[in-house]
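Chains as they are written, first to last, in the working numbering: chain A, 212 to 532; chain B, 6 to 176.
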Amino acid sequence: MRQIYVRSSLIIGLAVTLFATVAAVATPFAYITNQGANTVSVIDLATNQVVDTIAVSKGPAGVVVDGKGKRVYVSNVDGRSVSVISTAKRKVIDEIKFDIAPVGLALTNDGSQLYVADWYSDRIWVVDTKHTQNRESIAIGKAPASMIFNQQGDKLYVANRDSDEVGIIDARTHKVLTKIAVGKHPFGMALSGDGQSLYVVNVISNNVTVIDLQTNVITAKIRVGEHPYCATSNPDGTRIYVTNTGADTISVIDTSLQKVIATIDVDGSPEGINYDAVHDRVYVASWMDNHVTVVDAKTNLKLQSIPTGAQSRALGSFIDQ
Amino acid sequence: MFACVTSAFACGPTPQKVTKEITIKADAASVWQVLKQFDAIAQWHPDVQTSVPLQKLDDEGESANFRLITLKSGLKLEEKRRETPDVDMKLDYQMSQGDFPVSNYRGVMQVRTGTAVGETIVTWTGRFNNKANTLDAPAGQDNATAIQAMELFYDDGLAGLKSMMEVIGKK
Numbered sequence: 212m213r214q215i216y217v218r219s220s221l222i223i224g225l226a227v228t229l230f231a232t233v234a235a236v237a238t239p240f241a242y243i244t245n246q247g248a249n250t251v252s253v254i255d256l257a258t259n260q261v262v263d264t265i266a267v268s269k270g271p272a273g274v275v276v277d278g279k280g281k282r283v284y285v286s287n288v289d290g291r292s293v294s295v296i297s298t299a300k301r302k303v304i305d306e307i308k309f310d311i312a313p314v315g316l317a318l319t320n321d322g323s324q325l326y327v328a329d330w331y332s333d334r335i336w337v338v339d340t341k342h343t344q345n346r347e348s349i350a351i352g353k354a355p356a357s358m359i360f361n362q363q364g365d366k367l368y369v370a371n372r373d374s375d376e377v378g379i380i381d382a383r384t385h386k387v388l389t390k391i392a393v394g395k396h397p398f399g400m401a402l403s404g405d406g407q408s409l410y411v412v413n414v415i416s417n418n419v420t421v422i423d424l425q426t427n428v429i430t431a432k433i434r435v436g437e438h439p440y441c442a443t444s445n446p447d448g449t450r451i452y453v454t455n456t457g458a459d460t461i462s463v464i465d466t467s468l469q470k471v472i473a474t475i476d477v478d479g480s481p482e483g484i485n486y487d488a489v490h491d492r493v494y495v496a497s498w499m500d501n502h503v504t505v506v507d508a509k510t511n512l513k514l515q516s517i518p519t520g521a522q523s524r525a526l527g528s529f530i531d532q
Numbered sequence: 006m007f008a009c010v011t012s013a014f015a016c017g018p019t020p021q022k023v024t025k026e027i028t029i030k031a032d033a034a035s036v037w038q039v040l041k042q043f044d045a046i047a048q049w050h051p052d053v054q055t056s057v058p059l060q061k062l063d064d065e066g067e068s069a070n071f072r073l074i075t076l077k078s079g080l081k082l083e084e085k086r087r088e089t090p091d092v093d094m095k096l097d098y099q100m101s102q103g104d105f106p107v108s109n110y111r112g113v114m115q116v117r118t119g120t121a122v123g124e125t126i127v128t129w130t131g132r133f134n135n136k137a138n139t140l141d142a143p144a145g146q147d148n149a150t151a152i153q154a155m156e157l158f159y160d161d162g163l164a165g166l167k168s169m170m171e172v173i174g175k176k
């Protein structure tokens, strides 16, 4: 009896594990903002097909996915708003209006607060996602671009493009803790897989500044390609991928060697970049060619181009996993 | 040197794009032979008065090839070439300074073999911001002005290139 019990619980356990695995890998989707088409392309990452195209407001650029809350937030630079998309309905269910031009977006781990970077007023807006009229702003630095939380979610890092620095905001008090000088015109950023370092992409310096987040000390400057823009990490943090908009390539950084180990040709003007951990692929939005380029992270080879919409950007966290 | 110097790559959040394409009755290799001469744009672009080659240090202190274009309208563009493999048949350059009504401008001319025998397709794509590089740009420095100037420059240029190549072909 005892043996049977053990065996059946093992089977149940296995079944639960299997089910959980299936649920966890249930097709991730990518949400690609198309600046010139005023749309978001939804790509099924299992098939690499565009399965839906969602109309948003004018000039969509930034994106952040709330996987748990089944929401996608899209910043419309020219429309001066943030579109809220339901991933179940694949429709815009709300539009949050601003007086300004929102670009970068970041979301707290619990999805309760949306941080919106206002390029022209040098402020970050913190919006209550349940009551979007509840918002406050934080003065930060010139032309805040991308934002990223640390793993604990208690600090937000902001790339202040025109003041050549990264500002650090306390996510509870909304006070600016400190600012770290980096290269010229920092734009995109990536957190290392272990959460210990921040990789800051400097557009004019053509390099990446690495900051140790324990000490806030710069530990390396890594030369990449021309006019670099955005970055992403693989899950174990051994690689950082950087888009070079002026060279139509991706630089692959080995984080232990702290140098570029491969340069991959992709479609024109690559901007937003994310890592798909389910399939070990890198997805890159190509502004010039209106594509998303898919790269095999194991071989560093370009697999295919997926036609999306005019001027694909996908600045931010665009994969729901 | 110029009446207005663009701030290099102080790009606003919504870059603009113009793409123009033309089919030329000539083989791709001969079209590329003409286009790859970066400073020879005056030979085929009807709006260009002169184009002067310059070799100098870029912003990063590296030696690079530039051309200084003076248009028949009097406007000037200084452009820096990004060297690409010859086999790609791609001319890639960025405006380093000038008073043409755009900022943060990168141009790419791609040559490829057409669908019909002896035909070549040339695609010219520009990425740029308006001259003021702001969302609420004043008239004359806004997106409409920038796009209109780019479209005219690309249309005239491609028509000129086609006409020159097809005349050469007949000789």
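Glycine included, C-beta positions come from ideal geometry on N, C-alpha and C.
Per DSSP, reduced to three states, the secondary structure at E124(B) is coil, with no helix or strand assignment.
CA-CA distance, D447(A) to Q363(A), rounds to 17 Å. Its chain contains T244, Q246, S286, V288, V314, R524 and L526 as the residues whose beta carbon lies nearer than 7 Å to that of A272(A), once the 5 sequence neighbours on both sides are disregarded; these appear in chain order.
Setting aside the 5 residues that flank it on each side, L512(A) is surrounded in the same chain by I475 and V506, each with a C-beta closer than 8 Å to its C-beta; the list follows chain order.
The Cβ atoms of M100(B) and E84(B) lie closer than 7 Å to each other. Per DSSP, the beta bridge partners of Y410(A) are A401(A) and V421(A). With respect to chain A, the C-beta atom of L140(B) has a partner C-beta closer than 7 Å. Among the residues of chain A, those whose CB is under 8 Å from the CB of R87(B) are E437, G457 and A458, following chain order.
At least one C-beta of chain A is nearer than 7 Å to the C-beta of T130(B).
In the structure shown, the three-state DSSP call for T454(A) is strand. Interface residue (Cβ-Cβ distance to chain B less than 7 Å): V314(A) is classified as such.
With a cut-off of 8 Å on Cβ pairs, the segment 346 to 357 of chain A is in contact with the segment 374 to 394 of chain A, counting three or more such pairs. Sequence-ordered contacts of the segment 322 to 334 of chain A with chain B read W330 and Y331 [C-beta pairs closer than 8 Å].
Within the model, the alpha-carbon separation for K269(A) versus N249(A) is close to 5 Å. Ranked by Cα distance from D44(B), the first of L59(B), G112(B) and D160(B) is L59(B).
Between the segment 484 to 492 of chain A and the segment 108 to 123 of chain B there are fewer than three inter-stretch CB-CB distances shorter than 8 Å, so the stretches are not counted as touching. Approximately 6 Å separates the beta-carbon atoms of K281(A) and A299(A); this is inside 8 Å, confirming the contact.
Here the alpha carbon of V39(B) sits roughly 14 Å from the alpha carbon of V92(B). One finds N417 in chain A with Cβ atoms closer than 8 Å to the Cβ of E65(B), taken in chain order. Counting the other CB atoms within 10 Å of its CB gives A31(B) a total of 16 or more, which places it among the buried residues. For F309(A), the CB contacts under 8 Å within the same chain, skipping 5 residues up- and downstream, are R291, S292, V293, V327, D329 and W336 in chain order. According to the DSSP assignment, W336(A) belongs to no alpha helix (DSSP H) but to the beta strand (DSSP E) extending over R334 to D339. K136(B) and Y110(B) have their C-alpha atoms roughly 10 Å apart.
Interface residue (Cβ-Cβ distance to chain B less than 7 Å): Q532(A) is not classified as such.
G273(A) carries a strand assignment under DSSP once its states are collapsed to helix, strand and coil.
In this structure, the CA atom of Q324(A) is about 6 Å from the CA atom of V338(A). Classified as exposed, H342(A) has fewer than 16 neighbouring CB atoms from the shown chains inside 10 Å of its CB. Taking 7 Å as the cut-off, the beta carbon of Y284(A) is found closer than this to the beta carbon of V295(A). Counting the other CB atoms within 10 Å of its CB gives A382(A) a total of 16 or more, which places it among the buried residues. Distance between R434(A) and A241(A), taken at the CA atoms: about 29 Å.
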